[in-house]
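With positions in the sequence shown counted from 1, the corresponding number in the numbering used here is that position plus 617.
Written out below as structure tokens is the structure these notes cover.
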Amino acid sequence: PIQTVSEPTGDWPQPPRPLAETGVAVWCLRAPLLARHADDLATLLSPDELHRRDRLIREEDRTRFTLFRGALRRILAGHLNRDPASLQFDYSPNGKPTLSPTDNPRSLTFNLSHTRDVMVLVCGWTAPLGIDIEWTQRTADVDGIVARFFHPNEQAALANLSPEHKQARFFAWWTAKEAVVKAWGTGISTALPQLDFSRWTNEASAIIEHQALPIGRVFHLDLGAPLASALVVSPAVTDLRLHASPSQAVS
618 PIQTVSEPTG DWPQPPRPLA ETGVAVWCLR APLLARHADD LATLLSPDEL
668 HRRDRLIREE DRTRFTLFRG ALRRILAGHL NRDPASLQFD YSPNGKPTLS
718 PTDNPRSLTF NLSHTRDVMV LVCGWTAPLG IDIEWTQRTA DVDGIVARFF
768 HPNEQAALAN LSPEHKQARF FAWWTAKEAV VKAWGTGIST ALPQLDFSRW
818 TNEASAIIEH QALPIGRVFH LDLGAPLASA LVVSPAVTDL RLHASPSQAV
868 S
């Protein structure tokens, strides 16, 4: 069984607690909180990150990039006892970032996602890890996404729900699928239709069943409306800590 503990972010950025070998930490951080430290976070970005930021058209997107990327560096560096500005990242062909081996001798694993002014980050010593967050009030082609990326059993289950319940269930399963894909770096178009969460409705978590993927467990993260979020961890994980406001928890 996994022990789950929810803790407030407090006066961020306090140093992160040490991670147990079989533990993971999840951070839910909002841009207004991080904005108090904007000048400090901006100094942590690499020249490549600054170039990526400056290519963004909207000022709010540039601001969020600075805050979220700086926060990522500070949290990872805290777990590794490194200088945040010195961390180097490598990227997979699918764009998934990992820490350079020279900065990460113990193989700290992490994954992050963001929507609007909210960022979620999971890190731990036990791979795989994947996390996704979505803003549920955005305009989305739900029927089109379901037809293309959902398992036939999921499609049938959603067809029997009222519009309100269909929307909630759609985002619950969609974030779970995205978190699985992000955990293993699998191509989105091939993996998503093969994942079947149709039997996962009210349970706290579900076992990931896919013939081409290792066994893992997926959780819903209750971050409050209008957010939907899911987390994927290895079966070896025994301790999960969510750093967020007291009302946000693992469900």
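For every residue, glycine included, the Cβ atom is placed at its ideal position computed from N, Cα and C.
Near residue 667, what residues of its chain come up, given a Cβ to Cβ distance below 6 angstroms and the 5 sequence neighbours on each side ignored? none
Can you list, in chain order, the residues of its chain with a C-beta nearer than 6 angstroms to that of residue 849? Leave out the 5 residues immediately preceding and following it. 747, 796, 797, 800, 833, 835
With DSSP run on the structure shown, which of helix, strand or coil describes residue 750? strand
Close beta carbons around residue 714, own chain, < 6 angstroms, minus the five adjacent residues each side: 706, 708
Along the chain, where does the beta strand (DSSP E) containing residue 683 start, and where does it finish? Not the beta strand (DSSP E): residue 683 falls in the alpha helix (DSSP H), residues 676 to 697.
Determine which residues share a DSSP beta bridge with residue 737 and list them. 645, 730
C-beta atoms of residue 640 and residue 741 nearer than 8 angstroms: yes
By Cβ distance, which residues of its chain are closer than 6 angstroms to residue 690, with the 5 residues on each side in sequence left out? 661, 701, 704
Excluding sequence positions up to five away, which residues of its chain have a Cβ less than 8 angstroms from the Cβ of residue 657? 687
Three-state secondary structure (DSSP) at residue 703? helix
The beta strand (DSSP E) spanning residue 834 covers which residue range? 834 to 839
If you count every other CB in all the chains shown that lies within 10 Å of the CB of residue 738, and 16 or more means buried, which is it? buried
On the DSSP bridge list, what partners appear for residue 822? 836
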